[in-house]
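To start, the structure under review is shown below, and the notes come after it.
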Amino acid sequence: MKKAASTSKPKVAPPKPSAKKTAKAGSSAAKGLKSQSILKIVEKLIALMSHPKSGVSPEEIERFRAKVTSIWNYTPTVCVFGMTGAGKSSLCNALFGDHLFETSAVQACTMQPQEHTVEFHDKRKLTVIDMPGVGESDEADARYQALYEESVKKADLVLWALKADARNYAADQRTWKLVGKRLEELEIPAFFLFTQADKTDPSDSWNKKRNEPGESQMGHLLLKRQRVAKDFKVAEESILFVSASKNYGLRELVLTLLLALPDEKKTGFLESTRSENRSEDAQKAASKGFWNSILGWCKESAASVGKFLWENRKEVIEIAGMVAAIMLKVSGSRRPRKG
129 MKKAASTSKP KVAPPKPSAK KTAKAGSSAA KGLKSQSILK IVEKLIALMS
179 HPKSGVSPEE IERFRAKVTS IWNYTPTVCV FGMTGAGKSS LCNALFGDHL
229 FETSAVQACT MQPQEHTVEF HDKRKLTVID MPGVGESDEA DARYQALYEE
279 SVKKADLVLW ALKADARNYA ADQRTWKLVG KRLEELEIPA FFLFTQADKT
329 DPSDSWNKKR NEPGESQMGH LLLKRQRVAK DFKVAEESIL FVSASKNYGL
379 RELVLTLLLA LPDEKKTGFL ESTRSENRSE DAQKAASKGF WNSILGWCKE
429 SAASVGKFLW ENRKEVIEIA GMVAAIMLKV SGSRRPRKG
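Okay, structure coming up:
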């Protein structure tokens, strides 16, 4: 991109659209654009900031570049708890990628924390800690307590799997008492998930056409949610219904988790989920979070960069809209691999 004339401050010019057609990406501003990463667009901004009349120092440009890279490449960590057989591993596979975690309906295959780092072809990473099953025995729970406390220190999010058709959650409640207070102290968001929602009685009432619990099933799930909220002393809004086998509730779950994260962690988390689990609302929230975190950092730590972006805000907002669309298009073509 050419620099602006030296007689005036540079104006941000959005990338020229490609003549080739692109898939629908949720924003008309991105139609016709070539597929390119957010970092390439940021590089265009940096090139303009490098203009002698921009008012941005080389040191602040490099700090801006480093901050963008750290947010874009952030590796989120998700810690998953629950009793053996609650479907933790299946849930992780449904959220983040097939066959990343061992599953077993017969025995407790998760005997030690399984810390998996999933790496994608664009070098993004996600760490999921699949915790040992709770409720195996009092001795096992006591042994696992130290593991729980150590693992939650690393987490950005905690998911607690509760089998939807279980009669009681006494073991989960006992373990929650061991870690819940610590999570609150660390300000780590925690969500309880009724897994295998399709197996809730009466299981034959599942609405196949709408792929959701039937009226009677939903009534039972809502009653269970009220009971768990009371017993665990958590908000009902933190309890969700999902089914990995039916691909039910996953998009709503991803959006809920995303909104609970700080702005600078939203993009890293969303880009680590399976593309079919990303709603348009989630894409918008991640894009907004990314730019909010960048602009907030500029205000606090890089005043000249913030001033430049503000003076060129109209063009920057246009580019931000393009970025959101590009993120949606590019993310759908990635496939995870086990790291």
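In terms of the numbering used here, the sequence shown opens at residue 129 and continues consecutively.
Don't be surprised by glycine CBs; every beta carbon is placed ideally from N, CA and C.
Note that the structure is a prediction, hence the values are computed from the model and not measured.
In the DSSP assignment, residue 291 is bridged to 323. In the three-state reduction of the DSSP assignment, residue 356 falls in the helix class, which pools H, G and I. The C-beta of residue 329 has fewer than 16 other C-beta atoms within 10 Å across all chains shown, which makes the residue exposed. A contact between stretches requires three or more CB pairs, one per stretch, nearer than 8 Å, and the region 318-334 meets this requirement with the region 361-369. The beta carbons of residue 386 and residue 410 sit about 5 Å from each other, so the pair counts as a contact at 8 Å. The DSSP-derived three-state label of residue 240 is coil. Taking C-beta atoms as the reference points, residue 426 and residue 434 count as a pair closer than 9 Å. In the DSSP assignment, residue 332 falls outside any alpha helix (DSSP H), carrying neither H nor E. Between the region 342-351 and the region 388-398, the count of C-beta pairs closer than 8 Å stays below three; the two stretches do not touch. In the three-state reduction of the DSSP assignment, residue 276 falls in the helix class, which pools H, G and I. In the structure shown, residue 211 falls within a strand segment according to DSSP collapsed to helix, strand and coil. Under the DSSP definition of a beta bridge, residue 202 lacks any partner. A straight line joining the alpha-carbon of residue 285 with that of residue 353 spans about 20 Å.
Nearest C-alpha to residue 374 among 211, 215 and 177: 215.
Annotation for residue 203: 253, 254, 255 and 396 place their beta carbon closer than 7 Å to its own, counting only its chain and skipping 5 residues before and after.
With fewer than 16 other Cβ atoms from the protein chains shown falling within 10 Å of its own Cβ, residue 335 counts as exposed. Annotation: the continuous alpha helix (DSSP H) that includes residue 422 extends over 408-429.
Residue 338 and residue 305 have their C-alpha atoms roughly 37 Å apart.
Residue pairing for residue 371: DSSP places it in a beta bridge opposite 376.
Taking a cut-off of 8 Å for Cβ pairs, the region 285-294 and the region 169-185 do not touch, as fewer than three such pairs fall below it. When the beta-carbon positions are compared, residue 195 and residue 429 come within less than 9 Å of each other. A distance below 6 Å between beta-carbons, with the five flanking residues on each side excluded, links residue 407 to the following residues of its chain, in chain order: 379 and 383.
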